[in-house]
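Protein sequences appear in the order of chains A and B.
As numbered in this note's numbering, residues 11 to 376 make up the first sequence, in order.
As numbered in this note's numbering, residues 11 to 376 make up the second sequence, in order.
There are 2 protein chains.
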Amino acid sequence: MEQKEKRVDAETLLSFVKQVFKRLGVPEEDAGVTADVLVQADLRGIESHGVARISRYVDRIRQNEIEAKPKIRVLAETPSTLLIDGGNGLGQVVGAYAMRRCIEKARASGACFASVRNSNHFGIAGYYSMMALKNYMIGISMTNAWRLVTPTYGRKAMFGTNPISIAVPAEGRMPFVLDMATSVVPIGKIEVCERRGEKVPLGWGADKDGIPTTDPSAIRTGGFLMPLGGTAENAGYKGYGLAVMVDILSGVLSGAAYGPFVGAPDSEEPCNIGHFFGAIRIDAFRPEEDFCRDMDHLITVLNEAPKAAGQTRIYVAGEKEFEMESKLRAEGIPLHPKVYSTLEKLAKELEVPLKIDIGTASVKRR
Amino acid sequence: MEQKEKRVDAETLLSFVKQVFKRLGVPEEDAGVTADVLVQADLRGIESHGVARISRYVDRIRQNEIEAKPKIRVLAETPSTLLIDGGNGLGQVVGAYAMRRCIEKARASGACFASVRNSNHFGIAGYYSMMALKNYMIGISMTNAWRLVTPTYGRKAMFGTNPISIAVPAEGRMPFVLDMATSVVPIGKIEVCERRGEKVPLGWGADKDGIPTTDPSAIRTGGFLMPLGGTAENAGYKGYGLAVMVDILSGVLSGAAYGPFVGAPDSEEPCNIGHFFGAIRIDAFRPEEDFCRDMDHLITVLNEAPKAAGQTRIYVAGEKEFEMESKLRAEGIPLHPKVYSTLEKLAKELEVPLKIDIGTASVKRR
Chain A
11 MEQKEKRVDA ETLLSFVKQV FKRLGVPEED AGVTADVLVQ ADLRGIESHG
61 VARISRYVDR IRQNEIEAKP KIRVLAETPS TLLIDGGNGL GQVVGAYAMR
111 RCIEKARASG ACFASVRNSN HFGIAGYYSM MALKNYMIGI SMTNAWRLVT
161 PTYGRKAMFG TNPISIAVPA EGRMPFVLDM ATSVVPIGKI EVCERRGEKV
211 PLGWGADKDG IPTTDPSAIR TGGFLMPLGG TAENAGYKGY GLAVMVDILS
261 GVLSGAAYGP FVGAPDSEEP CNIGHFFGAI RIDAFRPEED FCRDMDHLIT
311 VLNEAPKAAG QTRIYVAGEK EFEMESKLRA EGIPLHPKVY STLEKLAKEL
361 EVPLKIDIGT ASVKRR
Chain B
11 MEQKEKRVDA ETLLSFVKQV FKRLGVPEED AGVTADVLVQ ADLRGIESHG
61 VARISRYVDR IRQNEIEAKP KIRVLAETPS TLLIDGGNGL GQVVGAYAMR
111 RCIEKARASG ACFASVRNSN HFGIAGYYSM MALKNYMIGI SMTNAWRLVT
161 PTYGRKAMFG TNPISIAVPA EGRMPFVLDM ATSVVPIGKI EVCERRGEKV
211 PLGWGADKDG IPTTDPSAIR TGGFLMPLGG TAENAGYKGY GLAVMVDILS
261 GVLSGAAYGP FVGAPDSEEP CNIGHFFGAI RIDAFRPEED FCRDMDHLIT
311 VLNEAPKAAG QTRIYVAGEK EFEMESKLRA EGIPLHPKVY STLEKLAKEL
361 EVPLKIDIGT ASVKRR
């Protein structure tokens, strides 16, 4: 379905979002990082995690459910590990801090991993893993989240869509950036099918009895998302296992909440979300140029592999997103009318000038 | 289908397999490790990676395609990383060495990761990750492998079933042990359905044109396995991304072969398989007892979650395998008649006494 949408260039949107957070008492640099994570999501075509989500963060700061000026503390440290307390700050602020520290420590010790407690929704996992790229490191990023997914053979949401991201530098080619929820699909995809009156493929979700269903309403109302793989027959227990792995590294290892105990986005209590980050120095293993040459080769070989009947292209993780970013940097980021009104409302309430309407265009979303 | 099978106790089988490798010139300790990895696979119910596979290793050693006495070397080292050349030794010997070194170094630096080149098929990934458990560490293990799996939208096998394993200690409960191929199923499951004249679920594999099919013969003959998730609609590109991640960490980072260039099991050339291992000290983050208490709690909460209609149990990764091990340690390991003849043949050729027939039993396999 195409819709008339407003378009805004990335820098203008970034500046507006940053001002919003500054008005809420978030320090300059932290406001900048938070805005950057949100706008990056839009640029990469992951609108569900972009500025469309801004109200959730704004509301929680206003209601003192998220600290605008968190006290982030390192609670324990070895040459290659960090335990961090996020002080109930914005997940973006806490995440960027933790990843920055991992990168610094990996420089000295080869690799470093951080497990983080007492944080909040951090946006796209890929933002943090990609921070490693310009340092010629492999970046890793994970987080647990509010429960939406049922374990295989269950009929209750016991964990979140717990994403895994890994970013790996290349040279002539774009970096390899995997950024995936461990559920088959996010809840947003179910909602889209429901609105359109379409069935969903079997394996995306289960109804209130835990039975896999193609009815999006049955999934949305009392039902659950299913882990990657879908049904048990199609190895959904592997996606379930990966989701629990993320929960252990992010939640149990840090002492954050885990499984069904992660706080709801609308709860008055802190969410106590946990994250896990890692940075691994390439040149601790091989000269950067040798590694990057092989990465370019592997990516090219995959791209050029014979295509299935009717297909014209084989993608490598991250390619679609980099292409989207390059397109949207040139054409501007399309804003859904609903998202635009949210921003307008915030602009009025917080007295931040909103000069982001640079025209309208008919934009087909991915 | 039930079949009359011979049963053997684990210790007897271990001793026989160890003798076989010793006769081939493998040093005492290395022969012990190799036998242990193979018998552990049988005990855990993963027969495809157990003694049923012994001939492949034996033949390659006899044909000088695998080194019986490899020169394993550390090529590069930082406080938390290791680059290891496996000297074309048995994957089990190289894998156990690399994981042992990771554990030693993690003791000093908090965490350590090893990328390994010039190795061979190492059996079950879970063996190495579980080595970390008794040290109160989280263990990680991955390997690339001979190509069997097509990328999403492809029609050529470009990478192996590239498994990921992570093992996490608990206290009152069994440890969490995820050990999963990044394909939906192993090739063995396709073969079983073909023999039985059954269709396979859509998503397990594709035919020679890369079109998902339910016909096991079309998958086996010129077709391919599909990555976890299955079709693109069901997010098979995520399994594809995970498989490439394993290939990067095991193959590209170490300088081993990667993607479609990993050597075939029947090639006269070295396979140059790559592995990736990691060990993370729990007490670098939290006191072991706090962590293990929370692990017990998470596992219990998942086990006790409400069950889907018609289901009686929710498993946590590793539970099925630990239960199988405990059962087979008590009852003996069932050996398929074909596997038994292989062992008999080896016993004669290598003059190793085979006294493993402790009776026959009708055994229902998982």
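Each residue gets a CB set at the ideal place from its N, CA and C atoms; glycine is no exception.
Rank the options by C-alpha distance to the C-alpha of residue i and give the top, closest one.
i, options, result
"I309(A)", "E77(A), A180(A) and P211(A)", "A180(A)"
"A135(A)", "T153(A), A216(A) and F169(A)", "T153(A)"
"Y325(A)", "A357(A), R183(A), D304(A) and Y350(A)", "R183(A)"
"G170(A)", "P185(A), F186(A), V194(A) and L188(A)", "V194(A)"
"P347(B)", "D46(B), V36(B), V61(B) and K32(B)", "V61(B)"
"P275(A)", "P363(A), L158(A) and V84(A)", "L158(A)"
"A216(B)", "H307(B), A340(B) and I229(B)", "I229(B)"
"C112(A)", "M109(B), E114(B), A121(B) and A108(B)", "A121(B)"
"L53(A)", "P344(A), L364(A) and E354(A)", "P344(A)"
"F31(A)", "V47(A), K16(A) and D19(A)", "V47(A)"
"R303(B)", "V178(B), M255(B), V187(B) and V262(B)", "V178(B)"
"G149(A)", "G251(A), F286(A), L23(A) and T22(A)", "F286(A)"
"R17(A)", "L338(A), A266(A), K358(A) and L360(A)", "L338(A)"
"L252(A)", "S175(A), F295(A) and V272(A)", "S175(A)"
"H59(A)", "Y137(A), G249(A) and I94(A)", "Y137(A)"
Buried or exposed: where does residue i fall if 16 or more other Cβ atoms within 10 Å of its Cβ makes it buried?
i, result
"R205(B)", "exposed"
"A51(A)", "buried"
"A319(A)", "exposed"
"N74(A)", "exposed"
"G198(A)", "exposed"
"E329(A)", "buried"
"G220(B)", "buried"
"P297(A)", "exposed"
Would you kindly check if the distance between the Cβ of residue j and the Cβ of residue i is under 8 Å?
i, j, result
"A289(B)", "A118(B)", "no"
"I76(A)", "Y67(A)", "yes"
"L259(A)", "I64(A)", "no"
"V104(B)", "S125(B)", "no"
"A83(A)", "G97(A)", "Checking the sequence, you will find Arg at residue 83(A) rather than Ala. In this structure, G97(A) lies closer than 8 Å to R83(A) by Cβ."
"G269(B)", "M168(B)", "yes"
"P211(B)", "N244(A)", "yes"
"P161(A)", "A45(B)", "no"
"F26(B)", "V362(B)", "yes"
Can you look up residue i in the DSSP assignment and give me helix, strand or coil?
i, result
"I176(A)", "strand"
"V27(A)", "helix"
"V61(A)", "helix"
"D189(B)", "strand"
"E314(B)", "coil"
"S119(A)", "helix"
"A86(B)", "strand"
"L143(B)", "helix"
"H346(A)", "coil"
"P80(A)", "coil"
"T162(A)", "coil"
"T44(A)", "helix"
"V18(B)", "strand"
"L212(A)", "coil"
Would you please verify whether the beta carbon of residue i is less than 8 Å from any beta carbon of chain B?
i, result
"G120(A)", "yes"
"Y67(A)", "no"
"F287(A)", "no"
"V311(A)", "yes"
"D306(A)", "no"
"N172(A)", "no"
"E12(A)", "Note that E12(A) scores a pLDDT of 49, beneath 50, so its modelled location is shaky; the value from the coordinates is reported in the next line. For E12(A), the answer is no, since every Cβ of chain B falls outside 8 Å of its Cβ."
"V194(A)", "yes"
"M140(A)", "no"
"K317(A)", "yes"
"Y268(A)", "yes"
Are the C-beta of residue i and some C-beta of chain A separated by less than 8 Å?
i, result
"D225(B)", "no"
"R375(B)", "Here R375(B) scores only 44 on pLDDT, less than 50, and its place in the model should not be relied on; the value that follows carries that caveat. No, R375(B) does not count as interfacial toward chain A."
"T153(B)", "no"
"A108(B)", "no"
"I324(B)", "yes"
"D219(B)", "yes"
"R339(B)", "no"
"V126(B)", "no"
"R296(B)", "yes"
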